[in-house]
Structures are given as structure tokens and as C-alpha cells.
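Participant: After the C-alpha cells below, expect a handful of questions from me.
Protein chains: 2
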Amino acid sequence: MGKENEKVVVLDFWASPYAMRTKIALREKGVEFETQQEDLWSKSELLLKSNPVHKKVPVLIHGGKPVSESLIQVQYIDETWTDAASFLPSDPQARANARFWADFAEKTISFQGGRKIWGNNKGEEQEKGKKEFLDSLKVLEAELGDKPYFGGETFDYVDIALVPFYSWFYSLEKCGDFSVEAECPKIVAWGKRCVERDSVAASLPESEKVYQQVLKLRQIFGVE
Amino acid sequence: MGKENEKVVVLDFWASPYAMRTKIALREKGVEFETQQEDLWSKSELLLKSNPVHKKVPVLIHGGKPVSESLIQVQYIDETWTDAASFLPSDPQARANARFWADFAEKTISFQGGRKIWGNNKGEEQEKGKKEFLDSLKVLEAELGDKPYFGGETFDYVDIALVPFYSWFYSLEKCGDFSVEAECPKIVAWGKRCVERDSVAASLPESEKVYQQVLKLRQIFGVE
Chain L
1251 MGKENEKVVV LDFWASPYAM RTKIALREKG VEFETQQEDL WSKSELLLKS
1301 NPVHKKVPVL IHGGKPVSES LIQVQYIDET WTDAASFLPS DPQARANARF
1351 WADFAEKTIS FQGGRKIWGN NKGEEQEKGK KEFLDSLKVL EAELGDKPYF
1401 GGETFDYVDI ALVPFYSWFY SLEKCGDFSV EAECPKIVAW GKRCVERDSV
1451 AASLPESEKV YQQVLKLRQI FGVE
Chain Z
1251 MGKENEKVVV LDFWASPYAM RTKIALREKG VEFETQQEDL WSKSELLLKS
1301 NPVHKKVPVL IHGGKPVSES LIQVQYIDET WTDAASFLPS DPQARANARF
1351 WADFAEKTIS FQGGRKIWGN NKGEEQEKGK KEFLDSLKVL EAELGDKPYF
1401 GGETFDYVDI ALVPFYSWFY SLEKCGDFSV EAECPKIVAW GKRCVERDSV
1451 AASLPESEKV YQQVLKLRQI FGVE
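Going down the list, the protein sequences come from chains L and Z.
Take the first sequence: its position 96, counted from the start at 1, is 1346 in our numbering, and no numbers get skipped.
Take the second sequence: its position 81, counted from the start at 1, is 1331 in our numbering, and no numbers get skipped.
Structure follows, in C-alpha cells:
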């Protein structure tokens, strides 16, 4: 039995944008996998043992061996299941460009970045969070331009890195009282296009469900 | 003329650990290149044009086309000059492991992390910076174990990512009044081993020269 046929498990939390990346990548490659939902306030022994450094979801366990960090998992998936199209172009310059934008998305459009919006009441901190979020999204929108995907005609590495955060836009809009579509119409059109893919549709939760989770988080963190 | 023979320029600042990575990678591959030193307080038009998003050194310009972000540059170099040995192992699991530790080094042993030590006078903030730095270095030391390099017998991607910071250890020790060797003897032995390589020796400045630069930075930022 080849390595690519061994059992795949994702230690998951359904609302984690990082875990969504991993699930999208597996689905794009047509890999069968199980998910094991984690309680982030009481993490499983398996999670703590599999990712002892960061202790975070997602963990991809393949043939009993763990891989941590979502973008590293996406590259691992790409390099392990090579029958389906690669997420990265073959030209080194184009690969570097894709890695640059995935890295930019990772550094700017993050759970922690979004938290400056949903984790604060209206006021200066939240306005700062909104500005940072929209400024970064506009840089990404300029890179997207009129292409259907960041990968051009192909849904690729950058699309996988960024699209999970699309499922959080509604929550950010509700908490921050603004419209992403009014500011970044091409990004929202791109998000809608991505969600038409089976891999994305199966991996992204409903916006309303994320919002209910965000309201719970706001209670836990004492916002409002 | 093949792509690999086109002109290579590094927009550089000699004391930047990130730029050191790029120079080490080029030298490991035996690539001839020019450096162009940048004044970080008055950046060149070429730097601003080549890296408009981050506006940071290093930028690797190959055949007139820029690549930004040092770890992306190291991967670009690895994928462009393929005659010399790869910096990454061929097995996907081992590649993911190398990427994990390079990412850990990137997130924890950074210029900004070091700045908590050299950018503060003695006191609580500096002690916090020292603790974070040494805690992270100890995690890396445990991963290194008794291997000569992070890549095992081979000087590889993780070694390239981390070794530039070795040239800053002396400055951190002088500013923070501690000994890295007393806390992490295997990491210091590894650093000495790396510096025996021509690629590293040619890319890392003298510790005393870095320290003089740090003293200038402390003046600029109003420390002491």
C-alpha cells in the first residue's frame, strides 16, 4: 500500500479558518479523511501529543504521523498526492509569487487580525482593526485584479490560504458595522466564485453559524 | 542562456539576519551575485519599486525580476539552481518537518524578538525578552539534539533560516548580561560548526561589528 493510501485524520475545529485550508486541500486532491473535532478549551491528548510545540488545530495525521501548521499541511498534501494538479505553478518565479501572497494573507488576514474587529466594542481599537483588515484586503484585491482566482484560471495555493476567512466576513461586518463588499467588491465576488467549488462548499461553515460562535466568543472574552 | 545564468543582485543590509539567509543560500549553490547595500533610513527607489508591499531588505533580483521575503528567496534559489544539492529533503514528511522548524525559527528567533533584549535597558521588559528568546532556543536545541546540523548530516533549510541570528548572540549577551552558551551549549556548538562553512563565514559579519551597530540602534531608539 502506497503512502498516499494510508489513513488521514484532521484534528479539527469547524470554525477554524486554518483547519478549513487543510480540508479544502484534501478535498481538492480527492483524498478521503476523517475529522476529529477538538474542544479548544479542553484539548485532546492526541492533539497535545501530535503538536506539542504549538498545541493548535489543525493537525493532519497521515499514516499515524502528524504534520502541523496549515500552510505546511497544504504543501504536504500537494507533495504527497501528486496525481491531481499541483496547487503551485511549476515555474520558480511564479511559485515564489504564490508563496509571497499566501504569506501576506497569513500575516495580515488572520484570526488575530479579525479579533481586533469582533473582539472589541465600537471605538478606536475596533476602527484600527477595520482599517488594517480593509487595507490588507485591498492590497490582495489589487493582486487579484480581474482574474477569476489568485492562481489565474486555476484555484491555487493563495486561494486555499485566503478563502477560509471569507466565511468570517459576515461576522466581522456585523460586529464592525461595515460592508466588505462596498470596500472590496472583487474580493467578495471571488469568495462567491470559490464557494461554488465542492471542496470549498464542503469546508466552509455557514456565515450565520460562524456569527453565533463569534457571539459566544464575545461573551467569553467579556465584550459587551 | 538559461535562467540560472542571468544576473543576480541582492538588495542588502549587511547586519540583516534575513539578508544573510539569502546570501548563504546563493553561496551554498555556488551562484555569483552582487550586493547593493541599502540605507534603511533612506531606501533606494529600486528597493521601493521591487518590494512595494513590505519595502524591506532583502530583495533578490534575478534576471531583472524581484523576489521578496528571505525564506521564499531561499526556496526560489533551491528550485532555480538545481544542480547543487537541495536544501530540503525529498520525502514530503521530512520536508514538512524542515518547514515546521524554519517557520518556528522565523516566528520566535527574529529581529523583533531580539529587539526586546537589545532595545530595552535592564528591567522587566528585557527579562521577558530574554526568557522568550531562551525558551524558544531551547525548543530548537531539543530538536537539534546531537545531530551536527538541523538537516542531520546535511546543512539544510532550517540551518539557513536560523544561523544568521548566531551573529547577533554576542550583542544580545552584552545588552542582556547573560550567556547563550551557558543556557544552550549545543546551539552555540552548532553555530560554531556552521561558521566553518565558507557560505556562512562569507555571509555573517563579525559579532563585534554587529554589536557596534546595535549600540548605534540603541542611541537612535533612545535606550540609555
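Where is the CB? At the ideal position from N, CA and C, for every residue including glycine.
What you are looking at is a predicted structure, and each value in this text was computed from that prediction instead of being measured.
Does the stretch 1412 to 1431 of chain Z come close enough to the stretch 1260 to 1268 of chain Z that 3 or more CB-CB pairs lie under 8 Å?
Facilitator: yes
Participant: If you measure from the beta carbon of I1322 (chain Z) to each beta carbon in chain L, is any gap under 8 Å?
Facilitator: yes
Participant: Answer yes or no: do E1393 (chain Z) and F1383 (chain Z) have a C-beta to C-beta separation smaller than 8 Å?
Facilitator: no
Participant: Can you pull the DSSP bridge partners for S1318 (chain L)?
Facilitator: According to DSSP, which records beta bridges pairwise, S1318 (chain L) is partnered with L:V1309.
Participant: Tell me the DSSP bridge mates of Q1287 (chain L)?
Facilitator: L:D1262
Participant: Taking the CB atoms as reference points, tell me whether Q1376 (chain Z) and K1366 (chain Z) lie closer together than 8 Å.
Facilitator: yes
Participant: I want to see whether chain L comes within less than 8 Å of Q1362 (chain Z), judged by CB atoms only; does it?
Facilitator: no
Participant: Do L1310 (chain Z) and V1260 (chain Z) come within 8 Å of each other at the CB atom, strictly closer than that value?
Facilitator: yes
Participant: Take F1337 (chain Z) and list the residues in its own chain whose beta-carbon comes closer than 6 Å to its own, dropping the five residues that flank it on each side.
Facilitator: D1328, D1406 and Y1407
Participant: Within the continuous alpha helix (DSSP H) that includes K1436 (chain Z), where are the two ends?
Facilitator: P1435 to V1445
Participant: Would you mind sorting A1335 (chain Z) into buried or exposed? The rule is 16 or more other CB atoms within 10 Å of its CB.
Facilitator: exposed
Participant: From the DSSP output, which residues share a beta bridge with G1401 (chain Z)?
Facilitator: Z:T1404
Participant: Between Z:K1436, Z:T1358 and Z:L1276, which lies nearest to D1333 (chain Z) when the distance is taken from Cα to Cα?
Facilitator: Z:L1276
Participant: In terms of residues, what are the limits of the alpha helix (DSSP H) holding T1358 (chain L)?
Facilitator: P1342 to T1358
Participant: Would P1342 (chain L) pass as an interface residue toward chain Z - the criterion being a Cβ-Cβ separation below 8 Å?
Facilitator: Yes, P1342 (chain L) lies at the interface with chain Z (some Cβ there is under 8 Å from its Cβ).
Participant: Counting only Cβ pairs nearer than 7 Å, list the residues of chain Z close to E1284 (chain L).
Facilitator: Near E1284 (chain L) there are no residues of chain Z at all, since even the closest Cβ is about 19 Å away, more than 7 Å.
Participant: Determine which residues share a DSSP beta bridge with S1292 (chain Z) and list them.
Facilitator: DSSP, once it has assigned bridges, lists Z:D1289 as partnering S1292 (chain Z).
Participant: Specify, as a first and last residue, the run of the alpha helix (DSSP H) that V1464 (chain Z) falls within.
Facilitator: S1457 to I1470
Participant: Would you report the Cα separation of E1372 (chain Z) and G1363 (chain Z), rounded to the nearest angstrom?
Facilitator: The amino acid occupying residue 1372 (chain Z) in the given sequence is Lys; Glu does not appear at that position. Near 16 Å, if we compare the C-alpha coordinates of G1363 (chain Z) and K1372 (chain Z).
Participant: So which residues of chain L does R1365 (chain Z) contact, with C-beta pairs closer than 8 Å?
Facilitator: Contacts between R1365 (chain Z) and chain L, judged by CB atoms closer than 8 Å, are missing: the closest CB pair is about 18 Å apart.
Participant: Assuming W1368 (chain L) and S1421 (chain L) form a contact by the criterion Cβ under 8 Å, report the distance between their Cβ atoms to the nearest whole angstrom.
Facilitator: 6 Å
Participant: Smallest Cα separation from D1262 (chain Z): which of Z:S1320, Z:E1391 and Z:G1402?
Facilitator: Of Z:S1320, Z:E1391 and Z:G1402, the residue nearest in Cα terms is Z:S1320.
Participant: DSSP state of K1372 (chain L), grouped into three classes?
Facilitator: coil
Participant: Distance cutoff 8 Å, beta carbons only. Does Y1268 (chain Z) sit that close to anything in chain L?
Facilitator: no
Participant: Applying a beta-carbon distance threshold of less than 7 Å, which residues of chain Z neighbour F1350 (chain L)?
Facilitator: Correct list: S1318, E1319 and I1322.
Participant: What's the C-alpha gap between E1295 (chain L) and K1273 (chain L)?
Facilitator: 22 Å
Participant: Check each candidate in Z:D1427, Z:C1425 and Z:K1442 and name the one with the smallest Cα separation from L1412 (chain Z).
Facilitator: Nearest C-alpha to L1412 (chain Z): Z:K1442.
Participant: With a 10 Å radius around its C-beta and 16 neighbouring C-beta atoms as the bar for buried, classify L1228 (chain Z) as buried or exposed.
Facilitator: Past the edges of chain Z, shown from 1251 to 1474, lies residue 1228 (chain Z), and the structure says nothing about it.
Participant: Would you say Q1325 (chain L) faces chain Z, with C-beta separation under 8 Å as the test?
Facilitator: yes
Participant: Would a check of beta-carbon distances place T1330 (chain Z) closer than 8 Å to chain L?
Facilitator: yes
Participant: If you follow the alpha helix (DSSP H) that L1276 (chain Z) is part of, which residue opens it and which one closes it?
Facilitator: P1267 to E1278
Participant: Note down, in chain order, every chain Z residue with its Cβ under 8 Å from the Cβ of R1345 (chain L).
Facilitator: Q1325, Y1326 and E1329
Participant: Measure how close the beta-carbons of A1346 (chain L) and V1324 (chain Z) come, nearest whole angstrom, since I'm counting them as under 8 Å.
Facilitator: Not confirmed; about 10 Å, so no contact.
Participant: Since G1313 (chain Z) and K1257 (chain Z) should fall inside the 8 Å C-beta cutoff, what is the C-beta to C-beta distance between them, to a whole number of angstroms?
Facilitator: 7 Å
Participant: Does the distance from the CB of V1473 (chain L) to the CB of N1370 (chain L) come in under 8 Å?
Facilitator: yes
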